[in-house]
Structure formats: structure tokens, C-alpha cells
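Since the structure comes first, as C-alpha cells, the remarks are kept for the end.
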Amino acid sequence: MKILHISEHYGTLGGAERYLSEICADQAKRGWEPIVAASPSASPGEPGSVRVYPLEPSFGLRSARRARRSLERLLDVERPNVVHLHNIQYFLGPALLRVLRSHAPVIQTVHDTRVICPRWLSKIIPSATSPCPFPMGLHCFRHHCYPFHRTPASALGNLYKFVLVGWQLMLLRRLDRVLVPSAYIYQQLRLNGFSEHKLERMPLFLQADFVPPDRNATRRNIVFAGRIDEAKGIRQFLDCLARLSTTVWTAQVAGSGPFLTEAKAIAARLGLMERIEFLGQVPMDALAQVLGAARVVVMPSLMPESFGLTGLEALACGAPVVAFDSGGIAEWLEDGVTGFLVRWGDVSALAARVRQLLEDDALAERLGRQGRQHAARFDRERHMNRLCEIYAETTAARHYSATR
Numbered sequence: 114m115k116i117l118h119i120s121e122h123y124g125t126l127g128g129a130e131r132y133l134s135e136i137c138a139d140q141a142k143r144g145w146e147p148i149v150a151a152s153p154s155a156s157p158g159e160p161g162s163v164r165v166y167p168l169e170p171s172f173g174l175r176s177a178r179r180a181r182r183s184l185e186r187l188l189d190v191e192r193p194n195v196v197h198l199h200n201i202q203y204f205l206g207p208a209l210l211r212v213l214r215s216h217a218p219v220i221q222t223v224h225d226t227r228v229i230c231p232r233w234l235s236k237i238i239p240s241a242t243s244p245c246p247f248p249m250g251l252h253c254f255r256h257h258c259y260p261f262h263r264t265p266a267s268a269l270g271n272l273y274k275f276v277l278v279g280w281q282l283m284l285l286r287r288l289d290r291v292l293v294p295s296a297y298i299y300q301q302l303r304l305n306g307f308s309e310h311k312l313e314r315m316p317l318f319l320q321a322d323f324v325p326p327d328r329n330a331t332r333r334n335i336v337f338a339g340r341i342d343e344a345k346g347i348r349q350f351l352d353c354l355a356r357l358s359t360t361v362w363t364a365q366v367a368g369s370g371p372f373l374t375e376a377k378a379i380a381a382r383l384g385l386m387e388r389i390e391f392l393g394q395v396p397m398d399a400l401a402q403v404l405g406a407a408r409v410v411v412m413p414s415l416m417p418e419s420f421g422l423t424g425l426e427a428l429a430c431g432a433p434v435v436a437f438d439s440g441g442i443a444e445w446l447e448d449g450v451t452g453f454l455v456r457w458g459d460v461s462a463l464a465a466r467v468r469q470l471l472e473d474d475a476l477a478e479r480l481g482r483q484g485r486q487h488a489a490r491f492d493r494e495r496h497m498n499r500l501c502e503i504y505a506e507t508t509a510a511r512h513y514s515a516t517r
């Protein structure tokens, strides 16, 4: 079977990209033929492994018209049995979904909330400073979510973005299957009119070559790992550290992003620079070492997470996690068992739980041990077997429809 995967990025940028690399490797081992179409900046496949085709961003109407010919050429040359979409928001235009569906069954894994929210800080209501419980629609204008762009744009440009996101959401409801990593994303898609029989929950898993390092439980090191962005809660993380000034600790920030320069400036203003190390983007093996050396990993994400793969990786390394109760994090983080969930946006509670783990060696060791055991339940083989069954089911259904 030949599977065409389409995603804006391909490589080891984040959880969605790591997931895509992992399932491609597994499919190749099974004797199938995975192919990837991604932005021209994507990491090329190694010789003899996954073929990576460059695909220009084409989310708007004019760019989609330009991209249609090259996409059709790719489909005609490769003739995939299934198309599997990943992070395509603001990358693959709604008009091109029709082209894909005319050639093969199309499924999508929803990796984040951008598919159901036009605002750059996805699923956060500015007027209430809380996660948004509403479907996409008029509520996007009623609660001061407008303007939708991260950078200034005209009223027409904002409306254009809203229409494109809504159009794509409408077309996604018509796909052959939509896979979701958490109950949170499942509920959000149901809220936005997705049919129950087309949705399937498939929690993420650890990479096959992810090797948890030996623990150094005596260190009092606090780790933030992820994109350095306001939506990921880097401001709240630094605020949390400032509230621990009387406690002995060091901290590491692993990742890069648009807010990195400002984050360093905030850390300097708070007098944290002598105790915090900004590591930048780190490769997977190095990330495992960073997580393994953490007394506690903090995930203060404001944007509801679809799953939060980095947190599961932290548990596998024996590091308890303290996180805001945001989106799908509760899928793998059991409060008081593998770490602590605190109320969304409550930095005081976040700092109190981090302090508790810094000061109580026995508690940190117990939660870390239980976290390792819990992470092992997220089975890669079971996930991949079910994914292969879904490919077979959708191709069989398409063949049956064509022969009727």
C-alpha cells in the first residue's frame, strides 16, 4: 500500500512532526510505501528511505490555483492508495482537499486546535482569559477574539481568514476518517458538527528509539520543553520561577520560537539569568537527557493541547510533570499519581506544586516511578496496527462505492 502524507513540516520540529516521522518509519518496515509532501524547507529523506516532495504553501484562493497543477501531477505520478493529512492549517488550501478526495480516500490526524479556531492564540477567549468552550462561528466575534491575525491586518484580511478556516472545517467533515489524539479534541470536533462515526481516538505514543536515561534524582532542576511562544505559557513559567526565589533550584528551557528573545529579556528583568539556561532547539536524544535530569517538568500551556507528547516523554524519563489542566493533557497526566494538574492559568498553584516536588524527595521519586509505568501503557504497536486497519477500511469502502 502507498500512503501519501501531507504536512507543513517534516522532521523533528515538534510532537506532530516526530509522530509523522515515526509512522513513516513503521510503514516502511511493514513493506508499505510512505511518501511525504511538505514545505520546501522540510528535512529531506535519507537515501533509500521516505521520499519527500516539496509543496509550496497554498492556503489562499490564488495560491491554491497555482498549486493545483503540481499537486495533481504528484498524485498522477505516485497514485497513492490513501492520503493522510497532518498539520495542513494555513498550508494546504481548502480548494485542494477536493482534488485529493477525487484521487484517493483522505484521512486526517488533528494535531492541534487551529482547525477549529481562526485566532492565532487558538481556543483562548481574550475577554475571559480562559479556554474557549464554543464552536467556530459568531462566537469568534462576540468575545473579542477578533482580530484573528497575529500581526496587524485589514478587516477584509481578517474576514478572509475566518472564511477560509470555516470552509476548510466544512470540508474536513467530509473526509473518510478523522483521527484525534485525545478526548478533548474529540469533544471539540463533535461540538463543531463532526459525525461521531467518522471520528476515532488514537492517543500518541513514544518513539521506538526513545531511550529514557538514568535518573539523577538529587538534582533540583526545573525544565520547560517546547516551542517558545506565549501560547505555550513561557511567561507563566518564568513567573513561576520568580515565585520560587527562596528555594534551591536551577532551570533549563529547551526549544526555540518567536518569543525567545522576549523570554530572555523577561528572565533578565526577574533576576533569573544566573539560574536558568536557554538551550535552544535540541535533538531527540539530547531532549531525553534534559528530561531525565529534571526533578520536575513544567507544562504551563495556555493553548489547549491536543495531547502534549513532550509530557508523556517526560514521564517515560521518570520526571513528574506539573501542568495547567489544558486540553488533552489529562489524557496522560494523572493528578497526584504522575504529577500535578492545576487550574488553567493559576501560576500560584503551579509554583506551589513545583516547590512541593523540589522539597520532597520521596514524593518526587514516587511520582517519577509511577510516571514511567504509566507511559509504558501508550503502546506504539497497538496504535500502528489500528492505523493500518483504518487505511484498509477506507480503501475498501472507496472501492465498494466505486463498484456499485
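So for the sequence shown, this note's numbering puts the first residue at 114; every next one is plus one. We put the beta carbon where it would ideally sit given N, CA and C, even for glycine.
Contact check, residue i vs residue j, beta carbons under 7 Å
{"i": "V228", "j": "Q202", "result": "yes"}
{"i": "V410", "j": "A429", "result": "no"}
{"i": "A407", "j": "V361", "result": "no"}
{"i": "K311", "j": "V291", "result": "yes"}
{"i": "A367", "j": "A401", "result": "no"}
{"i": "V434", "j": "G452", "result": "yes"}
{"i": "P147", "j": "T507", "result": "no"}
{"i": "G441", "j": "S419", "result": "yes"}
{"i": "P248", "j": "L304", "result": "yes"}
{"i": "I341", "j": "G370", "result": "yes"}
{"i": "D352", "j": "V460", "result": "yes"}
{"i": "K142", "j": "P417", "result": "no"}
{"i": "F350", "j": "H496", "result": "no"}
{"i": "L284", "j": "P207", "result": "yes"}
{"i": "S243", "j": "H256", "result": "no"}
{"i": "H216", "j": "H118", "result": "no"}
{"i": "L184", "j": "L209", "result": "yes"}
Rounded separation between residue i and residue j - CA only
{"i": "L425", "j": "H122", "result": "22 Å"}
{"i": "H199", "j": "T359", "result": "44 Å"}
{"i": "G158", "j": "N334", "result": "With a pLDDT of only 48 at G158, under 50, the local geometry of the prediction cannot be trusted, and the value read off the model is given with reservation. Between G158 and N334, the C-alpha separation is close to 36 Å."}
{"i": "A376", "j": "R348", "result": "7 Å"}
{"i": "S120", "j": "R131", "result": "12 Å"}
{"i": "Q365", "j": "L471", "result": "15 Å"}
{"i": "I238", "j": "C253", "result": "9 Å"}
{"i": "A266", "j": "P260", "result": "8 Å"}
{"i": "W233", "j": "N271", "result": "11 Å"}
{"i": "P88", "j": "Y166", "result": "Given that the chain is displayed from residue 114 to residue 517, the structure contains no residue 88 and the question cannot be resolved."}
{"i": "D322", "j": "R493", "result": "11 Å"}
{"i": "G144", "j": "E343", "result": "42 Å"}
{"i": "G457", "j": "E447", "result": "Correcting the residue identity first, residue 457 is Trp in this sequence and not Gly. Approximately 15 Å, taken between the alpha carbons."}
Nonlocal neighbours in the same chain, by C-beta distance under 6 Å from residue i, ignoring five residues either side
{"i": "R314", "result": "V293, Y299"}
{"i": "A380", "result": "L351, M386, I389"}
{"i": "C258", "result": "R232"}
{"i": "S439", "result": "S414, P417, E418, W457"}
Helix, strand or coil at residue i according to DSSP, with G and I counted as helix
{"i": "S398", "result": "At residue 398 the sequence reads Asp, which differs from the Ser that was named. Note: D398 maps to helix in three-state DSSP."}
{"i": "Q349", "result": "helix"}
{"i": "G306", "result": "coil"}
{"i": "V278", "result": "helix"}
{"i": "E387", "result": "coil"}
{"i": "Y259", "result": "coil"}
{"i": "G173", "result": "coil"}
{"i": "K542", "result": "Lying outside 114 to 517, the shown extent of the chain, residue 542 is not represented and no answer is given."}
{"i": "P325", "result": "coil"}
Closest residue to residue i among the options (Cα-Cα distance)
{"i": "L392", "options": "R382, D398, L383, V403", "result": "V403"}
{"i": "M397", "options": "A475, G128, K377", "result": "G128"}
{"i": "L480", "options": "G370, A427, V163, W233", "result": "A427"}
{"i": "A489", "options": "W445, D474, A208, A141", "result": "W445"}
{"i": "L288", "options": "P326, L213, R255, G279", "result": "L213"}
{"i": "A138", "options": "Y166, P260, I116, P325", "result": "I116"}
{"i": "E169", "options": "S162, A177, V163", "result": "A177"}
{"i": "H262", "options": "P246, C230, L188", "result": "C230"}
Chain-order list of residues whose beta-carbon lies under 8 Å from that of residue i (same chain, five-residue window excluded)
{"i": "G346", "result": "M412, P413, S414, L415, F437"}
{"i": "E309", "result": "R303"}
{"i": "R482", "result": "G431"}
{"i": "H512", "result": "none"}
Own chain residues within Cβ distance below 7 Å of residue i, not counting five before or after
{"i": "A464", "result": "C353, R356, L357"}
Short CB-CB distance (under 7 Å) between residue i and chain B
{"i": "A177", "result": "This model lacks chain B altogether, as it is built from one protein chain only."}
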